[in-house]
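Shown next, in structure tokens, is the structure this report addresses.
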Amino acid sequence: MYKPFQINKQRKIQYLRHLIQIIVIVFLYSKIFGIKSSSIIVPFLHPTQSLYSTAIGAYDLLEYSLTSGLLPILALGVILTTSLTVGKLFCGWACPLGFVQDLMAYIPIKKRSFGKDMEKNFKELKYAVVVIFLFLAFLFGLSSQDYEKEYKNPFSDCPFNVISPSSTLFAYIPWALFWKPTVFFTSILAWIKIALLLATLISSTIYPRFFCRYVCPLGTILGIPSDYKFLKIKIKSKRTEDINSMLNRVCPMKVSIERNSSYINSSSCIHCGNCIAEMPNDLKQEFF
Ligand code: SF4
Ligand code: SF4
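The opening position of the sequence shown corresponds to residue 54 in the numbering used here, with each subsequent residue numbered one higher.
Below is the structure:
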């Protein structure tokens, strides 16, 4: 029977998820309201250098430790603890750039997916991004005493931040608008940053969470030990084909399952809850 104003279970979970994402953004930038910075390290992409940031991004800390010639024990501790316990839960429920991509995916443009070969190539790209940027950070760490050279090189602090759309959107653009608008007329780098941000936003309207799926170095590292994480989605039925067709329709990360799998333990899953809300009799979230 048609019920006006009925909100289905999947929508309810998504509204709750977006509410939490908004609360996290308010917390992360609450320095603007006079709140002091904290030393909380957050396991998702967050530009620590933002003028109004109250927290430290784990990936920023990882690269910053390497470029300073230090062992990144604290950053790796946070990232590995998160990935082994809740996997990429924070990607689904807290990351501001993840939220922005979720919003872009609401734009009513036909969603597409890549063929198998293209998907494989793009997935390899994300491992290349991790290796390249951590190696760059390590190299800068070897010459970290040369302060004058460092000052001239924008990559010498946190190399990935230079091109990170999260950093451009939440740190660089607000800084430039408030303090140095002339940078948009004088710096080629400013326009490279903006072009990469636009590419991220536009791609996520057609391929939801494009950046998370194929580029983000932190998402890649968080997904590596996914077979061993405690938080898993148990598959309670044998309806593999039905589950895959539902995932193809509702999963933002385009996860799929193999026949006879007991769990959805894909390294891409961000625990958004869409699939569980769609098929609660077949799927169940479990801890351990
Ligand atoms: S994978 Fe996406 S959601 Fe996760 S940290 Fe990276 S940008 Fe954020
Ligand atoms: S598998 Fe389910 S919980 Fe994981 S990302 Fe896809 S829809 Fe969300």
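We treat Cβ as the ideally placed atom computed from N, Cα and C, and that holds for glycine.
- Distance from the CA atom of A158 to the CA atom of Q67, rounded to whole angstroms, is 13 Å.
- Y105 carries a coil assignment under DSSP once its states are collapsed to helix, strand and coil.
- F340 sits in a strand when the DSSP states are folded into three classes.
- Listed in chain order, the beta strand (DSSP E) runs fully inside the segment 107-161 amount to none, counting runs of at least 3 residues.
- A residue is listed when its beta-carbon falls short of 7 Å from at least one non-hydrogen atom of ligand 2; in chain order these are G145, I286, L300, V303, C304, P305, M306, V308, I317, S319, S321, C322, I323, H324, C325, G326, N327, C328, I329.
- According to the DSSP assignment, L284 belongs to the beta strand (DSSP E) that extends over 284-288.
- Remark: C-beta atoms of F208 and L189 approach each other more closely than 8 Å.
- Per DSSP, N313 lies in no alpha helix (DSSP H) and is assigned neither H nor E.
- Straight-line measurement puts the Cα of V215 at about 16 Å from the Cα of F191.
- If you check the C-beta of S220 against ligand 1, you find no heavy atom less than 7 Å away.
- A direct Cα-to-Cα measurement between I126 and A147 gives close to 23 Å.
- Apart from the 5 residues on each side of it in sequence, Y267 sits with its Cβ closer than 8 Å to the Cβ of F175, K176, L178, K179 in its chain, given in chain order.
- Between the alpha carbons of L137 and V95 lies a gap of roughly 15 Å.
- For ligand 1, the residues with a Cβ under 5 Å from any of its heavy atoms are, in chain order, F97, L98, C144, C148, L150, G151, C265, C269, L271, G272.
- Around the C-beta of Y281, fewer than 16 other C-beta atoms lie within 10 Å, and the residue is accordingly described as exposed.
- Counting only the Cα atoms, K169 lies some 37 Å from I76.
- When only Cα atoms are considered, Y225 and E339 end up about 39 Å apart.
- DSSP places N174 in the uninterrupted alpha helix (DSSP H) bounded by 169-195.
- Counting along the chain, the unbroken alpha helix (DSSP H) around L271 starts and ends at 270-276.
- Cβ contact annotation for P261 (same chain, cutoff 6 Å, sequence separation greater than five): A158, P305, in chain order.
- I94 sits in a strand when the DSSP states are folded into three classes.
- By the Cβ neighbour-count rule, D295 is exposed, with fewer than 16 other Cβ atoms within 10 Å of its own.
- Assignment of I75 by DSSP, reduced to helix, strand and coil, places it in the helix class.
- Between the alpha carbons of T239 and D210 lies a gap of roughly 22 Å.
- Boundaries of the alpha helix (DSSP H) harbouring A330: 327-331, taken from the DSSP string.
- Distance between F264 and Y112, taken at the CA atoms: about 15 Å.
- The continuous alpha helix (DSSP H) containing Y267 extends over residues 263-267.
- In its chain, beyond the 5 residues on either side, Y82, S83, K84, I85, P227 have a beta carbon closer than 8 Å to the beta carbon of Y105.
- A direct Cα-Cα distance of roughly 20 Å separates K337 from G276.
- The beta carbons of L129 and L115 sit about 7 Å from each other, so the pair counts as a contact at 8 Å.
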